[in-house]
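Participant: Those protein sequence lines, which keep their order, are chains A and B. When we follow the numbering used here, the leftmost residue of the first sequence carries the number 4, and every step to the right adds one. When we follow the numbering used here, the leftmost residue of the second sequence carries the number 4, and every step to the right adds one. Glycine residues also receive a C-beta, built at the ideal position from the N, C-alpha and C atoms. For reference, the structure I am asking about is given below.
There are 2 protein chains.
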Amino acid sequence: MTRVLVVDDEPALARALAINLRAHGYDVDVASDGRGALAAASTRLPGLVVLDLGLPDMDGVQVVEGIRGWSTVPVLVLSARHEQAQKVAALDAGADDYITKPFGMNELLARVRAALRRASPAEPPLARVVTGSFVVDLAAHTVVAGGRDVRLTPTEWHLLEVLVRNPGRLVLQRQLLQEVWGPQYGNESNYLRVYVSQLRRKLEPDPPRPRHIITEPGVGYRFEP
Amino acid sequence: MTRVLVVDDEPALARALAINLRAHGYDVDVASDGRGALAAASTRLPGLVVLDLGLPDMDGVQVVEGIRGWSTVPVLVLSARHEQAQKVAALDAGADDYITKPFGMNELLARVRAALRRASPAEPPLARVVTGSFVVDLAAHTVVAGGRDVRLTPTEWHLLEVLVRNPGRLVLQRQLLQEVWGPQYGNESNYLRVYVSQLRRKLEPDPPRPRHIITEPGVGYRFEP
DNA sequence: CCATGGCGTCAAGGTCCCGTCAAGGCACCT
DNA sequence: AGGTGCCTTGACGGGACCTTGACGCCATGG
Numbered sequence: 004m005t006r007v008l009v010v011d012d013e014p015a016l017a018r019a020l021a022i023n024l025r026a027h028g029y030d031v032d033v034a035s036d037g038r039g040a041l042a043a044a045s046t047r048l049p050g051l052v053v054l055d056l057g058l059p060d061m062d063g064v065q066v067v068e069g070i071r072g073w074s075t076v077p078v079l080v081l082s083a084r085h086e087q088a089q090k091v092a093a094l095d096a097g098a099d100d101y102i103t104k105p106f107g108m109n110e111l112l113a114r115v116r117a118a119l120r121r122a123s124p125a126e127p128p129l130a131r132v133v134t135g136s137f138v139v140d141l142a143a144h145t146v147v148a149g150g151r152d153v154r155l156t157p158t159e160w161h162l163l164e165v166l167v168r169n170p171g172r173l174v175l176q177r178q179l180l181q182e183v184w185g186p187q188y189g190n191e192s193n194y195l196r197v198y199v200s201q202l203r204r205k206l207e208p209d210p211p212r213p214r215h216i217i218t219e220p221g222v223g224y225r226f227e228p
Numbered sequence: 004m005t006r007v008l009v010v011d012d013e014p015a016l017a018r019a020l021a022i023n024l025r026a027h028g029y030d031v032d033v034a035s036d037g038r039g040a041l042a043a044a045s046t047r048l049p050g051l052v053v054l055d056l057g058l059p060d061m062d063g064v065q066v067v068e069g070i071r072g073w074s075t076v077p078v079l080v081l082s083a084r085h086e087q088a089q090k091v092a093a094l095d096a097g098a099d100d101y102i103t104k105p106f107g108m109n110e111l112l113a114r115v116r117a118a119l120r121r122a123s124p125a126e127p128p129l130a131r132v133v134t135g136s137f138v139v140d141l142a143a144h145t146v147v148a149g150g151r152d153v154r155l156t157p158t159e160w161h162l163l164e165v166l167v168r169n170p171g172r173l174v175l176q177r178q179l180l181q182e183v184w185g186p187q188y189g190n191e192s193n194y195l196r197v198y199v200s201q202l203r204r205k206l207e208p209d210p211p212r213p214r215h216i217i218t219e220p221g222v223g224y225r226f227e228p
């Protein structure tokens, strides 16, 4: 089964994570600081890293950078609420997803499964994405919501396409902006707000309470199938 | 099961192919020259064509072009080693794959399966497209709208053909331009505007409010059956 | 408790693209 | 040579789309 590296300086939380992950069939290594994390990542070659940002010896971002220097292993970041800035920096550095403490173990396990599923051998390029509310046909360039064809403007479509091609995955604001508007756009998050709003109005059954185009405040958006 | 058209002028090879394909559950038609191949392709509507390039009456490339004129059926080319140039020309003309003689029957069967798999989810090769307002016969090269034959210029027909071959799918402006006008045309979208307008005037019941030739602003056009 | 920042929503302005018409030029047929 | 399509090209309204600013709301933090 897959090997998971848990990096956390709180022994209680580290143990809880290890027990739960082992109970679901993963092999688990544990490190309690940044140096140990980098050492374990390079020697044990885990298939996934769960990384708590609050470490005693070094910044969590440095750990992510240290791993990304030589590996593409998925990194799942745990962050306390006051570590907002670090969290964004860690995602920018190449982390794949994050969970805010406190969190439910079921949510963590789901994120672990999702990250591993994405990392596994080249998912076939999907041509059609189906949700409970709408269907996106990437090949035909069409969207059907509530049984009716929906007309999208080029920008709306492009934005939806990027989100939908990363199902379940967090997509950073900067990433979306550069993909849809161009490399020189990185901070005009107001564009995102306007177009996400329009997409939800056209696609979500209850736009004020979106179920598929989810906001990750301060970070980005996530498409949930 | 799928119908396969075998085109080969060597009776021994043609028979061997037919026997092996039938043994694997395909329905097989056989043609021994180019004229017969084109006739069989248009009347029997095979799901795959196995085409030997060395034909007595016409160039194999012409056969491919003749088929591609109205159909997207996968074409698998058989070529002798010295027919290298023809093979490339055939692929350029729209053939999907090739096998060099001599070849093993297992390899051919694998290529056949691969070609069919690519073609599926297979729209049955459409030779006639019907909408609420007009009928396009791709084989006969005719259009009937409102009970009357419609005369189309070559460019109009070519444009309509590309759209109609991609029912329900968005076709990009550049794609249309390069397909109809040639590879060096990519940005002269004014051509499209003129000819789309003419097509709508000839085909749509209410040209200002088209129901079948739909504009996707800034992107391309879409044919809706 | 209030202040703050990010988010969602709306409306208005300006720009770009689309549809349409008409004239010129070229090739082919008679 | 003349005539007849057909393709190309320019001009011009009208509409769709993108951008931008303003405002209210909620959650977070002091």
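Put B:R214 into one of helix, strand or coil per three-state DSSP.
Facilitator: Position 211 of the second sequence holds residue 214 of chain B. In the structure shown, B:R214 sits in coil (DSSP, three-state: anything other than H, G, I, E or B).
Participant: According to DSSP, what are the bridge partners of B:P170?
Facilitator: Residue numbering aside, residue 170 of chain B sits at position 167 when the second sequence is read from its first letter. B:F226, per the DSSP bridge assignment.
Participant: Whose CA, out of B:A17, B:V9, B:Y194, B:Q89, lies closest to the CA of B:A230?
Facilitator: This structure cannot settle anything about residue 230 of chain B, because the visible part of chain B is limited to 4 through 228.
Participant: Excluding five sequence neighbours on each side, which residues of the same chain lie with their C-beta closer than 7 Å to the C-beta of B:V165?
Facilitator: The residue you call residue 165 of chain B lines up with position 162 of the second sequence. Closer than 7 Å at the Cβ level, and outside the excluded window around B:V165, lie V174, L179, E182, V183.
Participant: Touch check for the region 108 to 118 of chain A and the region 183 to 196 of chain A: three-plus C-beta pairs under 8 Å?
Facilitator: The answer is no - the region 183 to 196 of chain A does not touch the region 108 to 118 of chain A, with fewer than three Cβ pairs under 8 Å.
Participant: Could you compute how far the alpha carbon of A:S196 sits from the alpha carbon of A:R154?
Facilitator: Sequence index remark: in the first sequence, residue 196 of chain A carries index 193 (1-based). Sequence index remark: in the first sequence, residue 154 of chain A carries index 151 (1-based). According to the sequence displayed, residue 196 of chain A carries Arg and not Ser. Looking at the two C-alpha atoms, the distance is approximately 19 Å.
Participant: For B:R131, report the span of its beta strand (DSSP E) as first-last.
Facilitator: On the second sequence, position 128 is the one that residue 131 of chain B refers to. First-last of the beta strand (DSSP E) with B:R131: 131 to 133.
Participant: Would the region 64 to 73 of chain B and the region 95 to 108 of chain B be scored as touching if the rule is three or more Cβ pairs under 8 Å?
Facilitator: The region 64 to 73 of chain B is in contact with the region 95 to 108 of chain B.
Participant: Between B:G221 and chain A, is there a C-beta pair that is closer than 8 Å?
Facilitator: Counting from one through the second sequence, the residue named residue 221 of chain B turns up at place 218. It does: the Cβ of B:G221 has a partner Cβ on chain A nearer than 8 Å.
Participant: Leaving out five residues before and five after A:V222 in sequence, what residues of the same chain have Cβ atoms less than 8 Å from its Cβ?
Facilitator: Taking the first sequence and counting its residues from 1, one reaches residue 222 of chain A at position 219. So the list reads K90, V91, L94, Y101, L173, L175, Q176, once near-sequence residues are dropped.
Participant: Please state if the CB of B:Y198 and the CB of B:E159 are separated by a distance shorter than 8 Å.
Facilitator: One-based indexing of the second sequence puts residue 159 of chain B at position 156. One-based indexing of the second sequence puts residue 198 of chain B at position 195. Closer than 8 Å, so yes.
Participant: Beta-carbon separation of B:L51 and B:D36 under 8 Å?
Facilitator: If you number the second sequence from 1, residue 51 of chain B lands on position 48. If you number the second sequence from 1, residue 36 of chain B lands on position 33. The answer is no: Cβ separation not under 8 Å.
Participant: Does A:D209 pass the burial test, meaning 16 or more other C-beta atoms within 10 Å, or should it be called exposed?
Facilitator: One-based indexing of the first sequence puts residue 209 of chain A at position 206. The residue is exposed, with fewer than 16 neighbouring Cβ atoms inside 10 Å.
Participant: Once DSSP output is grouped into helix, strand and coil, what is the label at B:R154?
Facilitator: By one-based count along the second sequence, residue 154 of chain B stands at place 151. Three-state result, B:R154: coil.
Participant: Tell me which residues share the same chain as A:M61 and place their Cβ nearer than 6 Å to its Cβ, disregarding the 5 neighbours each side in the sequence.
Facilitator: If you number the first sequence from 1, residue 61 of chain A lands on position 58. Here the set comprises G37.
Participant: In its own chain, which residues sit with a C-beta less than 7 Å from the C-beta of A:L162, not counting the 5 before and 5 after it?
Facilitator: Within the first sequence, the letter at position 159 stands for residue 162 of chain A. The residues are L179, V183, Y198, L202.
Participant: How about A:P14: is its C-beta nearer than 8 Å to some C-beta of chain B?
Facilitator: In the first sequence, the residue the question calls residue 14 of chain A occupies position 11. Not closer than 8 Å to any Cβ of chain B, the Cβ of A:P14 fails to qualify, so no.
Participant: The alpha helix (DSSP H) spanning B:A34 covers which residue range?
Facilitator: Position 31 of the second sequence, counted from the first residue, corresponds to residue 34 of chain B. Looking at the DSSP string, B:A34 is not in any alpha helix (DSSP H); the run it does join, the beta strand (DSSP E), is 30 to 34.
Participant: Using only alpha-carbon positions, find the residue among B:S82, B:S74, B:V33 that is nearest to B:A17.
Facilitator: The residue given as residue 17 of chain B occupies position 14 in the second sequence. Among B:S82, B:S74, B:V33, the Cα nearest to that of B:A17 belongs to B:V33.
Participant: Would you grab the beta carbon distance between B:S74 and B:A130 for me? Rounded to a whole angstrom, and I think it's under 8 Å.
Facilitator: Mapped onto the second sequence, residue 74 of chain B falls at position 71. Mapped onto the second sequence, residue 130 of chain B falls at position 127. So it is a contact: roughly 7 Å between Cβ atoms.
Participant: Say whether chain B places a C-beta atom closer than 8 Å to the C-beta of A:D145.
Facilitator: Numbered from 1 along the first sequence, position 142 holds the residue referred to as residue 145 of chain A. Contrary to the premise, residue 145 of chain A reads as Thr rather than Asp in this sequence. With 8 Å as the cut-off, A:T145 counts as an interface residue toward chain B.
Participant: For B:L173, go through chain A and note every residue whose CB falls closer than 8 Å to its CB, in chain order.
Facilitator: Stepping through the second sequence from its first residue, residue 173 of chain B is reached at position 170. The answer, in chain order, is A143, H144, T145.
Participant: Please go through the same chain and pick out, in chain order, the residues whose beta-carbon is closer than 8 Å to the beta-carbon of A:R84, but skip the five residues on each side of it.
Facilitator: As a first step, residue 84 of chain A is located in the first sequence; it is residue number 81 there, counting from the start. Counting only Cβ-Cβ distances below 8 Å, and skipping sequence neighbours, we find T103, K104.
Participant: If you count every other CB in all the chains shown that lies within 10 Å of the CB of B:A118, and 16 or more means buried, which is it?
Facilitator: Locating residue 118 of chain B in the second sequence gives position 115, counting from the first residue. Buried, because 16 or more other Cβ atoms sit within 10 Å of the Cβ of B:A118.
Participant: Just reading off the alpha helix (DSSP H) that B:R18 is part of, what are its end residues?
Facilitator: Reading the second sequence from its first residue, position 15 is the one you call residue 18 of chain B. Where B:R18 is concerned, the enclosing alpha helix (DSSP H) stretches over 14 to 26.
Participant: Please state the DSSP three-state secondary structure of B:T145.
Facilitator: Within the second sequence, numbered from 1, the residue matching residue 145 of chain B stands at position 142. If DSSP states are grouped into helix, strand and coil, B:T145 belongs with the strands.
Participant: With which residues is A:K75 paired in a DSSP beta bridge?
Facilitator: Stepping through the first sequence from its first residue, residue 75 of chain A is reached at position 72. Residue identity differs from the one stated: residue 75 of chain A is Thr in this sequence, not Lys. Paired residues: none, contrary to the question.
Participant: What is the DSSP secondary structure of B:L195, counted as helix, strand or coil?
Facilitator: Indexing the second sequence from 1 puts residue 195 of chain B at position 192. Three-state DSSP puts B:L195 in a helix.
Participant: Would you mind telling me which residues of chain B sit closer than 9 Å to A:P157, beta carbon to beta carbon, in chain order?
Facilitator: Taking the first residue of the first sequence as position 1, residue 157 of chain A is located at position 154. In chain order: E219, P220, G221, V222.
Participant: When burial is assigned at 16 or more other CB atoms within 10 Å of the CB, is A:A44 buried or exposed?
Facilitator: As a first step, residue 44 of chain A is located in the first sequence; it is residue number 41 there, counting from the start. Burial call: buried.
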